[in-house]
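Colleague:
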Amino acid sequence: MDKRVLLAKPRGYCAGVDRAVVTVEKALEQYGAPVYVRKEIVHNKHVVETLSARGAIFVDETDQVPEGALVVFSAHGVSPAVHEEAAERSLRTIDATCPLVTKVHNEAKRFAREDYDILLIGHEGHEEVEGTYGEAPSHIQLVDTAEDVDKVVVRDPSKVVWLSQTTLSVDETMVRVRQLQDRFPDLQEPPSDDICYATSNRQTAVKTMAPECDLVLVVGSKNSSNSVRLVEVALQAGARASYLVDYAREVDEAWLEGVTTVGVTSGASVPDILVMDLLKWLAERGYGQVEEITTANEKIAFALPRELRKDMVR
């Protein structure tokens, strides 16, 4: 059988990531270097290295930013406490939080105002989860594992709602939701789907092609939640093997032994140039036939943060 590549579409950059990366690029053009960025603007090694080379300085916390300097908040969102710290240190801020994450923040605030117990499904320690949790710490409990479901204590079982991190596996989240529903039959759902359209679209594309693949290569960084999920989804959907790589050079040639069909996709924070590099690398090894598997066409775009837009007009 001929060697071939199945290329997932959609893959790579989502609207929120595109907006966040362009925000840092435009801030560097508009105000000049350095532009400070709290945490990685998006979870991708190549993007962070490229922006660093252009004058972005990545810091873990706002107290590492000189007083009065400009800081960009990452696409994953921050808690109100971080905004307060920035104000105390007279920092100029540009908030590049993805609008879909902001939506979850707003849901958390609304349900906290209505005095609900909020069960946040997500990964402990993930920046997005920390930001959402910070919106209403007295009302939110994090549910990461099946064990966490058993530990949940609520005040009124008729006033419980679940929210989720935007980059989880759709299927695994629903497993957790069903476990919570078993404990709390009146559990309410978020007013609209919390898992972002791009996360679920990329998972659907991988599910579609995985059964035909001997190997699925996911381009993405290890700290990218949605990229890691794509490897899991590929294996669950029937791929014989699946690996996560930042660059084509990280592919182990031994993975290709006996492989006729390679599936290729990338996480939502991955520039397509890295995917093209991988396709070139595979073509050099006989996998020159590429067939795109399209399961959705994404046309969503988000406006740049208003703090940046008002200065760019001048």
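Counting from 118, one number per residue, gives the positions in the sequence shown under our numbering. Yeah, the Cβ is synthetic: ideal placement off N, Cα and C, and Gly gets one too. It should be emphasised that the depicted structure is a prediction, and the values quoted were computed from it without experimental measurement.
For Gly248 and Val218, I'd like the C-alpha separation in whole angstroms.
Modeller: Near 9 Å, if we compare the C-alpha coordinates of Val218 and Gly248.
Colleague: Near Trp398, what residues of its chain come up, given a Cβ to Cβ distance below 8 Å and the 5 sequence neighbours on each side ignored?
Modeller: Ala365, Arg366, Val368
Colleague: Go through its chain and collect everything with a Cβ distance to Leu352's Cβ below 7 Å, but skip five positions before and after it.
Modeller: Ser359
Colleague: What is the residue span of the beta strand (DSSP E) that Ser341 lies within?
Modeller: Where Ser341 is concerned, there is no enclosing beta strand (DSSP E), given that its DSSP letter is neither H nor E.
Colleague: Looking at the unbroken alpha helix (DSSP H) that takes in Lys324, where does it start and where does it end?
Modeller: 314-326
Colleague: Comparing C-alpha positions only, which one of Lys220, Leu373, Asn223, Val345 sits nearest to Val362?
Modeller: Val345
Colleague: DSSP puts Ser281 in a beta bridge; with which residues?
Modeller: Partner(s): Ile238.
Colleague: What are the boundary residues of the beta strand (DSSP E) that Ser383 is part of?
Modeller: 378-383
Colleague: Quick one: what's got a C-beta closer than 6 Å to Phe228's C-beta in the same chain, skipping five residues either side?
Modeller: Ile235, Val278
Colleague: For the candidate residues Thr382, Leu421, Ala144, whose alpha-carbon lies nearest to that of Tyr130?
Modeller: Thr382
Colleague: Let's see if you can read the secondary structure: which residues bound the alpha helix (DSSP H) around Gln181?
Modeller: For Gln181, there is no enclosing alpha helix (DSSP H), since its DSSP letter is neither H nor E.
Colleague: Hey, would you say Met326 sits closer than 8 Å to Leu187, going by beta carbons?
Modeller: no
Colleague: Where does Thr411 sit, in a helix, a strand or coil, going by DSSP?
Modeller: strand
Colleague: Since Pro197 and Gly251 should fall inside the 8 Å C-beta cutoff, what is the C-beta to C-beta distance between them, to a whole number of angstroms?
Modeller: With a Cβ gap of about 6 Å, Pro197 and Gly251 count as contacting.
Colleague: Considering Thr210, what are the terminal residues of the beta strand (DSSP E) in which it resides?
Modeller: 209-212
Colleague: Using CA coordinates, which residue listed in Leu395, Ala203, Asp303, Glu374 is at the minimum distance from Gln181?
Modeller: Ala203
Colleague: Between Leu425 and the rest of its own chain, which residues show a CB-CB distance below 8 Å, the 5 nearest in sequence each way excluded?
Modeller: Thr140, Lys143, Ala144, Gln147, Ile211
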